[in-house]
Amino acid sequence: MLTQLSITINTLIFFIVQSTLKQLSWIKHNLKFFDYQSNSLTECRDGYKFSPNTRQCVEMCNCKDLVSLQNNDCNNCIQNCSSECLVCILDKCYACLEGWQLIEHKCQQICGDNQVALTSNEQCDDGNYFIEDGCNECLFQCGPYCQFCNKELNCLICESNFKLVHHLCAPICGDKIVISGLEECDDGNDIKYDGCFECQFQCNFGCKICESGKCQDVCKVDEEFINGKCIPIVLIKSEEIDPNQSECKNHCLVCDGANCLRCKQDYILENNKCFSCGNGIITKDEECEDGNRINSDGCSNQCKIEEDWNCIDSLSFLSQCFPIAKISIVFLNSTFNTQYVKLSYNNKVKLNQQDVNFLDFNFNSINIDPTYYNISIFPVIEIVSNVTRNINYELKIQINQQLSQNPILEVKVDLILLDENDLLVPPSSQQIVLIAPLVLNQAQIEASQNFQKFGYNIMLALGSFAIFAFLLGSPQQFLEILDILQFYSYLKFINVEYPENLYIYFQSSELISVDPILQFLGIKDNFEDQLGINIIEGFGKFDQYKTNADLITNIYSQFMQVIVFFSLLVILKMYLKFCLKFCFTSYFMYFIRKRKSKAVEWLAIKLYQFNYYIKNYQNFDTVNLIIDCYYANAWDLNFKVLLYLTFNKQSGIRTLVSYLVCLIYFIIGICIVLRNFGIPNNNLDFKKLRNQQHQSIILLKKFIFVLILIRMQESYIAQCIMLSFSTCAYIVFLLILKIANTGLDLMNILCVEVPVILFTLINLSFCKDFNNHFTPDQIIRMGFLQIGCLMLGLLGPLFNCVYQFYCKLKSIYKLIKPKKSQFKGAIRNIMFEVTR
31 MLTQLSITIN TLIFFIVQST LKQLSWIKHN LKFFDYQSNS LTECRDGYKF SPNTRQCVEM
91 CNCKDLVSLQ NNDCNNCIQN CSSECLVCIL DKCYACLEGW QLIEHKCQQI CGDNQVALTS
151 NEQCDDGNYF IEDGCNECLF QCGPYCQFCN KELNCLICES NFKLVHHLCA PICGDKIVIS
211 GLEECDDGND IKYDGCFECQ FQCNFGCKIC ESGKCQDVCK VDEEFINGKC IPIVLIKSEE
271 IDPNQSECKN HCLVCDGANC LRCKQDYILE NNKCFSCGNG IITKDEECED GNRINSDGCS
331 NQCKIEEDWN CIDSLSFLSQ CFPIAKISIV FLNSTFNTQY VKLSYNNKVK LNQQDVNFLD
391 FNFNSINIDP TYYNISIFPV IEIVSNVTRN INYELKIQIN QQLSQNPILE VKVDLILLDE
451 NDLLVPPSSQ QIVLIAPLVL NQAQIEASQN FQKFGYNIML ALGSFAIFAF LLGSPQQFLE
511 ILDILQFYSY LKFINVEYPE NLYIYFQSSE LISVDPILQF LGIKDNFEDQ LGINIIEGFG
571 KFDQYKTNAD LITNIYSQFM QVIVFFSLLV ILKMYLKFCL KFCFTSYFMY FIRKRKSKAV
631 EWLAIKLYQF NYYIKNYQNF DTVNLIIDCY YANAWDLNFK VLLYLTFNKQ SGIRTLVSYL
691 VCLIYFIIGI CIVLRNFGIP NNNLDFKKLR NQQHQSIILL KKFIFVLILI RMQESYIAQC
751 IMLSFSTCAY IVFLLILKIA NTGLDLMNIL CVEVPVILFT LINLSFCKDF NNHFTPDQII
811 RMGFLQIGCL MLGLLGPLFN CVYQFYCKLK SIYKLIKPKK SQFKGAIRNI MFEVTR
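In the working numbering, the protein residues as written are 31 to 866.
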């Protein structure tokens with residue numbers, strides 16, 4: 031309250047002084063009054079004045095009111111106020127930053143005023159002078175050995191030789207610096223029984239009294255260390271020696287027959303026998319001593335170095351054992367006749383000497399004729415001589431001959447290396463069983479390429495017929511052809527290992543993608559510049575084909591459709607205006623009659639009909655347009671939406687927008703299905719209703735097919751079976767409900783769907799659980815059989831397109847040669863419409 035009152039009074043004084051200064055400035059300007067002593071003794075350049083404080087010329091203030099505020103033009107004027115001053119007038123401060131006290135026109139920080147002065151060295155201010163309350167002398171009271179902490183007193187920066195452990199400072203054990211009171215010792219390692227472990231004194235194994243790392247319980251052979259003293263051993267009654275066996279053997283001190291009851295010093299009693307191995311003291315007969323009698327830790331229960339281990343021995347410390355760095359060969363993947371293998375070591379290694387090429391001492395071989403294969407090696411993480419690394423080399427093996435059994439690869443490194451403990455790594459080798467590749471001979475490769483070209487030409491012909499059908503007024507046929515092409519293009523994503531001939535044929539499906547067109551026109555680059563580039567990786571076949579699952583990136587073609595649609599709408603409106611202004615005028619009709627040509631008259635009629643169709647198209651039904659666009663993009667959007675929902679793990683604004691697009695897509699799809707299967711309108715044609723319901727069934731079939739294709743990538747057997755089952759269910763549904771309009775339509779559907787059923791069922795032979803029952807030649811033949819199924823599925827729609835195209839041309843031909851009276855009637859009708 032007092033602070034607010036002080037600021038209010040200072041603000042009032044500020045406005046009074048500001049008003050006074052303005053009046054003085056006016057008097058000075060009009061009477062040309064100036065202080066002789068301030069300016070006359072020293073001459074300064076224009077724009078500068080003499081400062082009596084600094085005894086030098088300083089830049090003059092150009093502001094009118096001579097008041098320096100933090101946010102006006104006078105702030106840069108040279109004033110003698112501190113930086114904490116908010117209002118400075120003639121070197122006097124009238125307002126300060128928060129937490130600063132205004133005393134005699136100067137800003138001062140006062141520790142204990144319960145205010146933290148901004149931009150000062152105050153960290154806290156609790157308004158008292160208690161020492162142990164978390165804030166003392168306006169600084170946080172951090173924990174011991176802490177240099178800086180936050181307001182919760184969690185340490186952020188520790189003093190030197192300390193480290194943060196759960197927001198507290200603890201000494202760094204292992205830096206060879208002993209912190210008095212916290213560490214007893216620091217030998218710079220973490221070796222047990224070497225005198226110092228975890229920065230505390232520690233003696234050898236079995237020691238009872240340890241002082242400063244030295245064992246104090248060393249007694250004679252016939253003495254025992256008890257209560258800090260060496261006391262002669264007195265046998266109890268149960269331990270009396272049999273007179274017939276007065277002498278124990280094998281380092282036994284007290285025995286009962288062949289069973290030892292107590293061993294001599296530095297020996298361990300185990301199973302009534304004495305052993306020196308494991309006592310923590312290495313002898314000449316022992317290769318190692320790790321203080322235990324456990325096998326598989328490098329030093330066996332006989333104190334022998336175990337196989338594939340190295341041990342560092344010492345006469346005073348326990349042995350340290352490390353696994354010998356060995357070659358590790360891991361199979362990565364295979365593609366047709368090419369297989370990839372990873373070469374590494376199970377520990378970090380480095381070269382034993384400089385100027386040595388690791389690849390010169392690497393020898394790789396396969397147990398087949400060397401002319402049948404080729405091996406290349408590529409460094410991923412290369413070995414060096416100055417630092418140990420987890421090295422990684424990739425071997426590319428190409429086998430160019432069909433094999434009846436799996437080949438064996440042997441990798442040998444004939445070079446001595448060093449591991450991270452500077453122990454020698456001897457030369458070693460390792461073998462791995464490769465996969466017998468499916469290698470096509472030259473005739474099979476040529477046949478596959480010919481089938482690929484033939485399939486490409488079929489798809490090209492179907493695409494051409496689709497464009498002609500659209501131009502000739504059959505958009506439904508156009509959509510059906512696109513659906514078939516997209517349907518067949520997704521079969522390559524079934525997650526089985528296809529033979530090479532099928533991969534060659536699937537290259538023809540690249541014709542279906544619009545990405546190359548967008549890339550060629552530069553449209554994709556423009557979208558990426560505006561929306562950014564984002565990549566979401568998938569797995570299975572989507573990873574193999576490098577399919578990006580990002581939804582925003584994948585719907586560039588849909589964005590382009592919207593842009594093209596509205597652009598065409600604007601162009602058509604402009605075209606109609608042009609036609610109404612210049613075409614179908616009296617002069618235009620006079621020109622047509624004067625020509626006396628049936629062809630010209632036919633063109634005029636068609637032009638009129640086209641314009642009439644466009645004029646009516648302007649009043650399109652928005653709902654039906656959205657439904658038609660949804661049908662046209664159903665395969666594509668189903669695939670892209672489900673792909674994104676399956677593989678996306680990201681978050682952010684782009685993700686929220688993508689999820690919103692997915693939600694809108696599903697809502698529209700549900701509304702379309704409910705609309706088609708809802709209560710029909712009395713005026714709706716039954717045939718049209720059945721067609722709409724058929725379209726809804728096709729939507730559900732597409733969604734289920736893509737869902738199985740994407741979501742079941744890991745269960746490839748179930749994926750093949752479910753894909754076949756879903757297609758069969760669709761056919762059975764059509765036959766039961768008799769939705770197909772004509773027998774020709776049903777035949778066309780069967781020509782498309784039945785080959786897909788056969789294709790997916792044959793895929794089971796490529797699964798790992800079944801392909802062992804087939805020879806490589808049989809698998810290649812089944813690949814050709816699948817190619818035949820796919821081509822048969824495309825030939826049916828192609829023949830249907832040819833037939834439909836023939837019927838369309840026939841009807842057009844009849845219209846080209848109408849009777850003369852019909853032409854005159856048509857011209858007369860056009861004239862009537864024009865004059866209307």
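Glycine included, C-beta positions come from ideal geometry on N, C-alpha and C.
| query | Mind pulling the beta strand (DSSP E) runs of 3 or more residues that sit fully within the region 157-186? | reply | 176-179
| request: Can you give me the Cβ contacts of Asn-801 inside the same chain, cut-off strictly under 8 Å, excluding the 5 residues immediately before and after it? | output: Glu-527, Ser-795, Ile-809
| field | For Asn-778, the nearest candidate out of Pro-806, Leu-822, Phe-735, Lys-442 (CA to CA) | value | Leu-822
| field | Range covered by the alpha helix (DSSP H) that runs through Pro-505 | value | In this chain, the alpha helix (DSSP H) harbouring Pro-505 covers 505-519.
| Every unbroken alpha helix (DSSP H) inside the region 623-686 [4 residues or more] | DSSP runs (the alpha helix (DSSP H)) wholly in the region 623-686: 628-647, 652-662, 664-677.
| query | In or out: Gln-435 buried (at least 16 other Cβ within 10 Å) or exposed? | reply | exposed
| Quick one: what's got a C-beta closer than 7 Å to Asn-897's C-beta in the same chain, skipping five residues either side? | Given that the chain is displayed from residue 31 to residue 866, the structure contains no residue 897 and the question cannot be resolved.
| query | Excluding sequence positions up to five away, which residues of its chain have a Cβ less than 6 Å from the Cβ of Lys-522? | reply | So the list reads Phe-536, once near-sequence residues are dropped.
| Considering Ala-125, what are the terminal residues of the alpha helix (DSSP H) in which it resides? | First-last for Ala-125: 122-126, but that is the beta strand (DSSP E), not the alpha helix (DSSP H).
| said: For Tyr-661 and Gln-725, which I take to be in contact (beta-carbon distance under 8 Å), what is that distance rounded to the nearest angstrom? | reply: 6 Å
| field | Leu-490, buried or exposed, once every other Cβ within 10 Å from all chains shown has been counted against 16 | value | With a 10 Å radius around the Cβ and a threshold of 16 neighbouring Cβ atoms, Leu-490 comes out exposed.
| Just reading off the beta strand (DSSP E) that Ile-298 is part of, what are its end residues? | Element bounds for Ile-298: 298-300.
| task | Quick one: residues in its chain with C-beta nearer than 6 Å to the C-beta of Tyr-746, no 5 flanking neighbours on either side, listed in chain order? | result | Asn-525, Val-526, Cys-797
| field | Which residues DSSP lists as bridging Gln-834, in chain order | value | According to DSSP, Gln-834 bridges with nothing at all.
| On the three-state DSSP scale, how would you describe Tyr-370? | strand
| Pick from Arg-684, Lys-136, Gly-129: whose alpha carbon is nearest that of Lys-122? | That would be Lys-136, whose Cα lies nearest to the Cα of Lys-122.
| field | Simplified DSSP assignment, three categories, for Asn-392 | value | strand
| request: Let me know the secondary structure DSSP gives Ala-200 once reduced to three states. | output: In the structure shown, Ala-200 adopts extended strand secondary structure according to DSSP, grouped into three states.
| query | By how many angstroms is the C-alpha of Ser-459 removed from the C-alpha of Asn-331? | reply | If you draw a straight line from the Cα of Asn-331 to the Cα of Ser-459, it comes to about 29 Å.
| query | CB-CB under 8 Å to Val-687, same chain, minus the five flanking residues each way: which ones, in chain order? | reply | Ile-582
| Thinking C-alpha only, which one of Asn-678, Lys-717, Tyr-375 is nearest Tyr-689? | Asn-678
| task | Could you name the residues of the same chain whose beta carbon sits closer than 7 Å to that of Ser-754, not counting the 5 residues immediately before and after it, in chain order? | result | Answer for Ser-754: Ile-787, Thr-790, Leu-791, listed in chain order.
| field | Contact set for Gln-153: own chain, Cβ-Cβ below 6 Å, skip 5 residues either direction | value | Leu-169, Phe-170
| Whose C-beta lies closer than 7 Å to the C-beta of Asp-513 among residues of the same chain, with five residues either side of it excluded? | For Asp-513, where only same-chain residues beyond five positions count, the Cβ hits under 7 Å are Trp-665.
| query | From what residue to what residue does the alpha helix (DSSP H) around Cys-154 run? | reply | Note, Cys-154: premise wrong, no alpha helix (DSSP H); not H, not E.
| Pairing CB atoms from the region 473-485 with CB atoms from the region 400-415, are three or more of them under 8 Å? | no
| task | Go ahead and label Phe-388 buried or exposed: buried means 16 or more other beta carbons lie within 10 angstroms of its beta carbon, across all protein chains shown. | result | Phe-388 is buried by the Cβ-count criterion.
| said: Assuming contact is defined by CB atoms lying nearer than 8 Å, are Val-208 and Cys-199 in contact in what I supplied? | reply: No, the Cβ-Cβ distance between Val-208 and Cys-199 is not below 8 Å.
| query | Does the separation of the CB atoms of Asn-340 and Cys-351 fall below 8 Å? | reply | yes
| query | Should Ile-446 and Leu-453 be called a contact, given that it needs their Cβ atoms to be closer than 8 Å? | reply | no
| query | Buried or exposed: Lys-220, going by 16 or more other Cβ atoms within 10 Å of its Cβ? | reply | According to the sequence shown, residue 220 is Asp rather than Lys. By the neighbour-count rule (16 or more Cβ atoms within 10 Å), Asp-220 is not buried but exposed.
| query | Of the residues Phe-835, Ser-150, Cys-226, Asp-807, which one's Cα is nearest the Cα of Asn-531? | reply | Asp-807
| Quick one: what's got a C-beta closer than 6 Å to Asn-830's C-beta in the same chain, skipping five residues either side? | Asn-778
| query | Is the region 752-768 close to the region 726-739, with three or more CB pairs under 8 Å? | reply | yes
| message | Taking the straight line between their C-alpha atoms, what separation do you get for Gln-179 and Phe-192? | response | Just to set this straight, residue 179 is Cys in the shown sequence, not Gln. Across the structure, Cys-179 and Phe-192 are spaced so that their CA atoms are roughly 14 Å apart.
| query | Can you tell me whether DSSP reads Gly-129 as helix, strand or coil? | reply | coil
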